[in-house]
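For reference, each letter of the sequence shown is one residue, going 3 to 248 in the working numbering.
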Amino acid sequence: MELRRRRVTTCVLPYCWWAWKPSPRWLRRLRCVVSGIASCYVALTIARWGCDVVYTNTLTVCVGAVAARLLRRPHVLHIHEFGRADHGLEFDLGEARAFAFLNRYSDAVVVCSHAVASAMRRYFPPTKLTVAYPVVPAPGRGRPDLNGRSRQREAVLQCVIVGNIQEGKGQEDAVRAIDALRDHGVIAKLRVVGRVTDTVYAKRVWALVMRQHLDQHIAFVGYARHSAAFLREADVVLVCSRHEAF
Numbered sequence: 003m004e005l006r007r008r009r010v011t012t013c014v015l016p017y018c019w020w021a022w023k024p025s026p027r028w029l030r031r032l033r034c035v036v037s038g039i040a041s042c043y044v045a046l047t048i049a050r051w052g053c054d055v056v057y058t059n060t061l062t063v064c065v066g067a068v069a070a071r072l073l074r075r076p077h078v079l080h081i082h083e084f085g086r087a088d089h090g091l092e093f094d095l096g097e098a099r100a101f102a103f104l105n106r107y108s109d110a111v112v113v114c115s116h117a118v119a120s121a122m123r124r125y126f127p128p129t130k131l132t133v134a135y136p137v138v139p140a141p142g143r144g145r146p147d148l149n150g151r152s153r154q155r156e157a158v159l160q161c162v163i164v165g166n167i168q169e170g171k172g173q174e175d176a177v178r179a180i181d182a183l184r185d186h187g188v189i190a191k192l193r194v195v196g197r198v199t200d201t202v203y204a205k206r207v208w209a210l211v212m213r214q215h216l217d218q219h220i221a222f223v224g225y226a227r228h229s230a231a232f233l234r235e236a237d238v239v240l241v242c243s244r245h246e247a248f
């Protein structure tokens with residue numbers, strides 16, 4: 003939507019991830035075939051548009067690197083995840099082969115944090131890695147005015163967790179934290195901000211909420227384009243990832 007508003011030409015082509023949860027061998031091979039076909043379509047589009055650089059915005063997709071190789075265009079890989087540690091992903095070609103391929107066919111590698119850079123140094127030379135933290139302008143400045151709250155508002159500890167609803171983000175632990183606070187006599191409410199990217203895990207989180215009778219204390223907000231407002235309203239911001247690339 004934002005690209006259309008800025009009148010940037012776009013094209014959406016289907017492709018497969020080449021890093022996924024553990025899968026049967028036949029499915030991994032099928033994804034490799036689909037990725038190869040998709041890479042050809044992507045390469046044709048890139049050639050038709052006369053693009054100078056191919057940019058891949060995730061570790062989980064290889065079609066950009068393949069298309070860039072076919073067209074002999076420079077390829078920039080932008081990594082926002084650890085892969086196995088945070089999402090339990092396994093590469094269809096195997097981890098060693100996949101990273102060897104990415105290293106060979108990527109002219110530059112951008113990572114979203116020094117933590118990811120540290121993890122990627124075993125696969126890419128330091129001269130190829132660049133750390134660029136994602137920065138977004140947050141409307142408003144400073145902390146919320148706690149003095150302006152009503153007595154009822156002060157009596158409730160407002161918590162928030164922001165991120166896609168998937169196992170790597172640990173929303174289950176946030177729910178358990180609210181339950182533990184209640185056991186200690188603390189009235190707390192939690193807002194879960196983020197889109198569902200793992201329906202099985204989301205159902206598990208919701209089942210935990212209902213099992214602990216916390217449906218009046220926990221609200222699932224869904225995706226929010228600007229999460230700053232939720233952060234400002236909260237007393238506590240929770241980050242429950244065991245491994246967090248950001």
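Cβ atoms here follow ideal geometry from the backbone N, Cα and C, with glycine treated the same way. Predicted model, so just to flag it, every value in this text is computed and none were measured.
For the beta strand (DSSP E) that residue i lies in, which residues bound it at each end?
i	result
residue 77	77 to 81
residue 193	190 to 195
residue 57	56 to 58
residue 220	220 to 224
residue 240	238 to 240
Quick check on residue i: buried or exposed, where buried means 16 or more other Cβ atoms within 10 Å of its Cβ?
i	result
residue 58	buried
residue 35	exposed
residue 4	exposed
residue 205	exposed
residue 128	exposed
residue 98	exposed
residue 104	buried
residue 61	buried
residue 79	buried
residue 67	buried
residue 29	exposed
residue 49	exposed
residue 33	buried
residue 172	buried
residue 176	buried
Quick check: what's the CA-CA separation for residue i versus residue j?
i	j	result
residue 239	residue 196	14 Å
residue 194	residue 222	5 Å
residue 183	residue 190	7 Å
residue 25	residue 96	12 Å
residue 214	residue 116	38 Å
residue 231	residue 37	39 Å
residue 69	residue 88	28 Å
residue 42	residue 110	22 Å
residue 133	residue 122	11 Å
residue 145	residue 237	Legend: pLDDT at residue 145 = 48, less than 50; position of this residue unreliable, no value from coordinates given.
residue 2	residue 163	Outside the modelled stretch of the chain, which goes from 3 to 248, sits residue 2, for which no answer is possible.
residue 119	residue 157	42 Å
residue 166	residue 83	13 Å
residue 149	residue 161	Per-residue confidence for residue 149 stands at a pLDDT of 47, beneath the threshold of 50, marking its modelled position as unreliable; the derived number appears in the next sentence. The straight-line gap from Cα to Cα measures roughly 18 Å.
residue 151	residue 136	The predicted model places residue 151 with a pLDDT of 47, which falls under 50 and marks its position as unreliable; any figure quoted below should be read in that light. Distance between the alpha carbons of residue 151 and residue 136: 32 Å.
residue 203	residue 192	18 Å
Compare the Cα-Cα distances from residue i to each of the options and report the closest residue.
i	options	result
residue 124	134, 100 and 90	100
residue 71	113, 32, 106 and 127	106
residue 14	40, 114 and 209	40
residue 254	169, 212 and 43	A query on residue 254 cannot be resolved here, the shown segment of the chain reaching from 3 to 248 and no further.
residue 23	163, 224 and 93	93
residue 218	234, 181 and 237	181
residue 76	52, 90 and 91	52
residue 207	224, 201, 186 and 174	174
residue 224	243, 241, 198 and 235	198
Name the DSSP beta bridge partners of residue i, please?
i	result
residue 22	92
residue 132	112
residue 160	191
residue 198	167
Let me check you understand the geometry: is the CB of residue i closer than 8 Å to at least one non-hydrogen atom of the ligand PLP?
i	result
residue 185	Judged by which ligands are present, the structure shown has none, so any question about the ligand PLP falls away.
Please report the residue range of the alpha helix (DSSP H) in which residue i lies.
i	result
residue 173	173 to 185
residue 232	230 to 235
residue 41	27 to 51
residue 101	97 to 106
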